[in-house]
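For the numbering used here, count along the sequence shown from 1 and bump the result up by 11. C-beta atoms are modelled at their ideal positions from N, C-alpha and C, and glycine is treated no differently. Below is one structure, written out as structure tokens; the observations come after it.
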Amino acid sequence: MELSLCMIVKNEEGNLAKCLESVQGVVDEIVIVDTGSTDATKEIARRYTDKVYDYQWEDDFSKARNVSMDYATKPYVLWLDADDVLERSEREKLLAFKKQLDGKIDAVMMPYHYAHNPDGTPSMVFDRERIVRREAGFRFAGVVHEAMAVGGHVTHADIAITHTGNHGAQSTKRNLAIYELWRERGGDFAPRDRYYYARELMANGFVERAEQVFAEFLAGDGWIENRIDAFLQRGRCLVQLGKTQQARECYMQALDLGVPRAEVLCALGDTLFKEGAWEAAAFWYRAAMQAEKPEASSGFIVQDAYGYIPAMQLCVCYDHLGRTQEAAEMNERALLYHPGDQAALKNREYFENLRKKQEKTGV
12 MELSLCMIVK
22 NEEGNLAKCL
32 ESVQGVVDEI
42 VIVDTGSTDA
52 TKEIARRYTD
62 KVYDYQWEDD
72 FSKARNVSMD
82 YATKPYVLWL
92 DADDVLERSE
102 REKLLAFKKQ
112 LDGKIDAVMM
122 PYHYAHNPDG
132 TPSMVFDRER
142 IVRREAGFRF
152 AGVVHEAMAV
162 GGHVTHADIA
172 ITHTGNHGAQ
182 STKRNLAIYE
192 LWRERGGDFA
202 PRDRYYYARE
212 LMANGFVERA
222 EQVFAEFLAG
232 DGWIENRIDA
242 FLQRGRCLVQ
252 LGKTQQAREC
262 YMQALDLGVP
272 RAEVLCALGD
282 TLFKEGAWEA
292 AAFWYRAAMQ
302 AEKPEASSGF
312 IVQDAYGYIP
322 AMQLCVCYDH
332 LGRTQEAAEM
342 NERALLYHPG
352 DQAALKNREY
362 FENLRKKQEK
372 TGV
């Protein structure tokens, strides 16, 4: 079946063409809703579609997203941000997958490669509700970090969307300002909104307030993935506030929410690492090495927590404990994940020099 691409944009002249080029020939309709661009964004959009609409921004991402979907005319809707792209390999996958969109599938979850390592490998991946059947009537909710609660026949497709942008201080300040305005207006904070409000407070340096809002979120109901991450982020806030024992208690609570996540196990190791408790820290990093990475999750999955990070940390722990051979082995294991990693290559040089010195001295 045919597919509409729906986007909201503002001042994206540096990103939009690359995004639209990546989906050209894959989607059957492109709808662009502009929320107030002052650059060449709309001119660029019109090179690819005549369906470019103006929308007066109301400090509500969901409203704008829903308006863009209202303009769609095809049976299925795909949504993207201007700094997202569909890589060539994923284009072919999506073209093939479109044949499965027969009107019985209501929503499609797809992996989002949100952040990347210096070598280009994904560092943070999570699933998003990326394609929906238009007549199913799903709507975005949330003034910031909007999402659709999809249901019915939901399927997963291994077709990655790649995020190429770098959301810096300007974006986090904007997001926090929207939340604060929403709060001042007496807007209702659903559990998901409260969770993301806490994350924005943390990103903007309001650590003490963020810790309080994470605690408020955790005192109520919420999606388990948000709860796991809220315990993790609240723990990090507590560490910054000098409350390390309370942070450990937070991390332990996260471990009660199902199969232990490597992100949490590494965080526990980090608290002990900073104290120089090398053996105790190594315990948690070894546990992280054994953790299984969720294959399909809408939660934030830090890829390097499932290999590279605990291997590097174990390298340091073992070196401090005088277990040089094991330290060198962990460093080599880290290099399997990132062969060109400069820190691990320097470690390799360090261990090689140490080996030569030991051979020379006979120690």
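Bridge-paired residues (DSSP) for residue i
i: THR166; result: VAL119
i: PHE137; result: TYR123
i: GLU338; result: The sequence shown places Ala at residue 338, not Glu. Bridge partners of ALA338: none, in fact.
i: LEU89; result: LEU16, ILE142
i: VAL96; result: THR173
i: MET159; result: PHE151
i: VAL313; result: MET135
Own chain residues within Cβ distance below 7 Å of residue i, not counting five before or after
i: GLU23; result: THR52, ALA93
i: VAL165; result: ASP117, ALA118, MET120
i: GLY310; result: PHE137, GLU236, ILE239, ASP240
i: LEU332; result: TRP289, GLU290
i: MET159; result: GLU140, VAL143, PHE149, ARG150, PHE151
Segment limits, alpha helix (DSSP H) that includes residue i
i: VAL78; result: 72-81
i: THR183; result: 180-195
i: ASP330; result: 319-331
i: GLN251; result: 235-251
i: ASP215; result: Inspection of the sequence shows that residue 215 is occupied by Asn rather than by Asp. Note, ASN215: premise wrong, no alpha helix (DSSP H); not H, not E.
i: ASP50; result: No alpha helix (DSSP H) contains ASP50, which DSSP labels as neither H nor E.
i: GLY269; result: Here GLY269 belongs to no alpha helix (DSSP H), and DSSP marks it neither H nor E.
i: ASN358; result: 353-372
i: TYR296; result: 289-301
i: ALA28; result: 27-34
Proximal residues to residue i (C-beta, below 8 Å), its chain only, five neighbours per side dropped
i: CYS277; result: TRP295, TYR296, ALA299, ALA316, ILE320, PRO321, GLN324
i: LEU268; result: ILE235, ARG238, ILE239, PHE242
From the options, residue whose alpha carbon lies closest to that of residue i
i: GLU222; options: SER48, TRP234, ASP240, ILE235; result: ASP240
i: LEU89; options: GLU98, THR46, ASP330, VAL37; result: VAL37
i: HIS127; options: THR175, ALA338, ARG145; result: THR175
i: GLU146; options: PRO122, VAL155, LYS115, TYR125; result: LYS115
i: LEU106; options: ILE55, ASP39, VAL161; result: ASP39
i: LEU97; options: ARG247, THR84, GLN35; result: GLN35
i: ALA205; options: ARG245, THR173, ALA302, HIS167; result: Per the sequence presented here, residue 205 reads as Arg, with Ala not at that position. When each option's Cα is compared against that of ARG205, the closest is ARG245.
i: PRO202; options: GLU219, ARG141, HIS156; result: HIS156
i: ARG247; options: ALA168, VAL275, CYS328; result: VAL275
i: VAL20; options: ARG366, CYS30, ILE43; result: ILE43
i: ARG58; options: GLY216, ASP50, ILE41, PHE225; result: ILE41
i: THR335; options: TYR125, VAL250, LYS367, GLY163; result: LYS367
Span separating the alpha-carbon of residue i from that of residue j
i: LYS110; j: LYS62; result: 25 Å
i: CYS326; j: SER134; result: 21 Å
i: GLU340; j: THR132; result: 23 Å
i: ALA180; j: ASP232; result: 30 Å
i: LEU283; j: TRP193; result: 39 Å
i: ASP71; j: GLU140; result: 19 Å
i: LEU356; j: THR372; result: 24 Å
i: LYS184; j: GLN369; result: 54 Å
i: PRO305; j: GLY318; result: 13 Å
i: ARG210; j: LYS254; result: 19 Å
i: LEU365; j: PRO129; result: 28 Å
i: ALA83; j: GLN264; result: 44 Å
i: GLU54; j: GLY47; result: 13 Å
i: SER79; j: LEU14; result: 14 Å
Beta strand (DSSP E) segment containing residue i, residue limits
i: TYR60; result: Before going on, a small fix: residue 60 reads as Thr here, not Tyr. No beta strand (DSSP E) holds THR60; DSSP gives it neither H nor E.
i: LEU14; result: 14-20
i: HIS174; result: 172-174
i: ASP45; result: 40-45
Check: residue i C-beta below 7 Å from any heavy atom of the ligand GTP
i: GLY198; result: As far as ligands go, the structure on display features none, and thus does not contain the ligand GTP.
Chain-order list of residues whose beta-carbon lies under 6 Å from that of residue i (same chain, five-residue window excluded)
i: ASN77; result: ARG150, PHE151
i: VAL161; result: ALA118, GLU140, PHE149
i: PHE362; result: ALA339
i: ALA292; result: GLY280, LEU283, PHE284, CYS328
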